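Residue numbers (the UniProt record's numbering): 1 to 343.
C-beta: ideal position from N, C-alpha, C; glycine also.
These figures come from a predicted structure and were not determined experimentally.
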């Protein structure tokens, strides 16, 4: 494919077309756009595929400083991330070259927040364990499986009206989880930012809820929902010190990014019964397996730990929302208007 020869010629390369619906673009003359769509792209294939691109489209593929150098991507002017999170892109490298990075915020709000509630119920009620034991024929063999669904201290699971739901991350997903949790009868508390001294950490209304100090939310929550972006100040946001002060009745649900939770510390907390359970849709290294994730390593099989493969977003509504925002953002950028710009 020949590189674009003028500012009105656009070569759009989709690198993860299996996960992204690519729309038909409508551009006014003299703008033209050629599309090249790859289902999936390995790191070995990446540089050759985007050399001629002026627009690169991804949803989670890593674009590092080398990839974003003029030698590898000489014609690149825009990166379209068809997702909310942009931690896979070296934003500093983009700023230095003036490459526009846009994303698709809030396209998966309903999907991810509903999945978070599903993970909560799975961990709180030990649904997967009950399923496995029932399928294995343990019910008639043991006469009852009631004792297998009890908490580590021998108490039965809580109902929603007994839960205190802590929300860490007050964006679209966090707000939606809070709304769903209130609808189920949970008391909801929303955390301030963790870093002291930041003016944004001062208590202020969040809907009908005051935001509480980060540590207060950790101590009081019986279910803790994580819905924050991955950034330097949120990496390992929860680690040993945080698990040490959490309630032993707490269930942790992570639908943000894997790097937000120290995975080794989480496994230790579960083994030590510092918390009751955990569930995550995201991992520090993805795709995750026993060879690269402490959450899947030998010895974790019997923990109250529910795992799904970063698919909380995968609903019809998310795909429709993403395609619409993808189309609108690229069309506006081509004619000089910016939308959903991250940098």
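Under the rule that 16 or more other beta-carbon atoms within 10 Å means buried, what is residue 86, buried or exposed? Counting of Cβ neighbours within 10 angstroms places residue 86 among the buried residues, the total reaching 16 or more.
Extent of the continuous beta strand (DSSP E) to which residue 130 belongs: Segment 127-135 is the alpha helix (DSSP H) holding residue 130; no beta strand (DSSP E) there.
What does the Cβ neighbour count give for residue 292, buried or exposed, with the cut at 16 atoms within 10 Å? Looking at its Cβ environment, which holds fewer than 16 other Cβ atoms inside 10 Å, residue 292 is exposed.
At 4 residues or longer, and completely inside the segment 135-204: list those alpha helix (DSSP H) runs for me, N to C. Considered as a whole, the segment 135-204 harbours 138-142, 172-183 as its complete alpha helix (DSSP H) runs of no fewer than 4 residues, in chain order.
Inter-residue spacing [alpha-carbon to alpha-carbon] between residue 264 and residue 234: 16 Å
As assigned by DSSP and simplified to three states, the class of residue 2: The answer is coil: DSSP assigns residue 2 none of H, G, I, E or B.
Residues that residue 58 bridges to, as DSSP identifies them: 81
Suppose contacts are defined by Cβ-Cβ distances below 9 Å. Is residue 345 in contact with residue 299 by that definition? The structure shown has nothing for residue 345, since the chain only spans 1 to 343.
Applying the criterion that 16 or more other CB atoms from any shown protein chain within 10 Å of the CB defines a buried residue, is residue 124 buried or exposed? Residue 124 is classed as buried because its beta carbon has at least 16 other beta carbons within 10 Å across all chains shown.
For residue 102, does the three-state DSSP call read helix, strand or coil? strand
Stretch pair the segment 174-182 + the segment 149-158: three plus CB contacts closer than 8 Å: no
Minimum length 3: unbroken beta strand (DSSP E) runs contained in the segment 204-235: 209-212, 223-226
What is the C-beta distance between residue 59 and residue 93, in whole angstroms, given that I count them as a contact (C-beta under 8 Å)? At roughly 19 Å, the Cβ-Cβ gap does not stay under 8 Å, so residue 59 and residue 93 are not in contact.
Using DSSP with H/G/I as helix, E/B as strand and the rest coil, what is residue 37? strand
Is residue 330 helix, strand or coil by DSSP? If DSSP states are grouped into helix, strand and coil, residue 330 belongs with the helices.
N-terminal and C-terminal residue of the beta strand (DSSP E) that residue 252 is part of: Run containing residue 252: 251-254, per the beta strand (DSSP E) assignment.
Can you tell me where the beta strand (DSSP E) holding residue 310 begins and where it ends? No beta strand (DSSP E) holds residue 310; DSSP gives it neither H nor E.
Do you know whose CA, among 52, 220, 321, 214, lies nearest residue 11's CA? 52
May I ask which residues mark the beginning and end of the beta strand (DSSP E) holding residue 13? Under the DSSP assignment, residue 13 falls in the beta strand (DSSP E) whose first and last residues are 9-14.
Would residue 168 and residue 230 be called neighbours here (beta carbons separated by less than 9 Å)? no
Might you give, ordered along the chain, the residues of its own chain that have their beta carbon closer than 6 Å to the beta carbon of residue 106, omitting 5 neighbours on each side? 172
Helix, strand or coil at residue 261 [DSSP, three-state]: strand
Closest by CA to residue 311, which one among 270, 323, 286? 286
C-alpha gap between residue 21 and residue 325, whole angstroms: 11 Å
Measure the Cβ-Cβ separation of residue 102 and residue 76 and say whether it is below 9 Å. no
From residue 73 to residue 178, what does the alpha carbon distance come to, in whole angstroms? 42 Å
Unbroken beta strand (DSSP E) run spanning residue 280, endpoints: For residue 280, the uninterrupted beta strand (DSSP E) segment begins and ends at 277-280.
Can you tell me where the alpha helix (DSSP H) with residue 109 in it begins and where it stops? For residue 109, the enclosing alpha helix (DSSP H) starts and ends at 109-124.
Using three-state DSSP, classify residue 32 as helix, strand or coil. strand
Use the C-beta contact count for residue 194: other C-beta atoms within 10 angstroms, 16 or more gives buried, fewer gives exposed. buried
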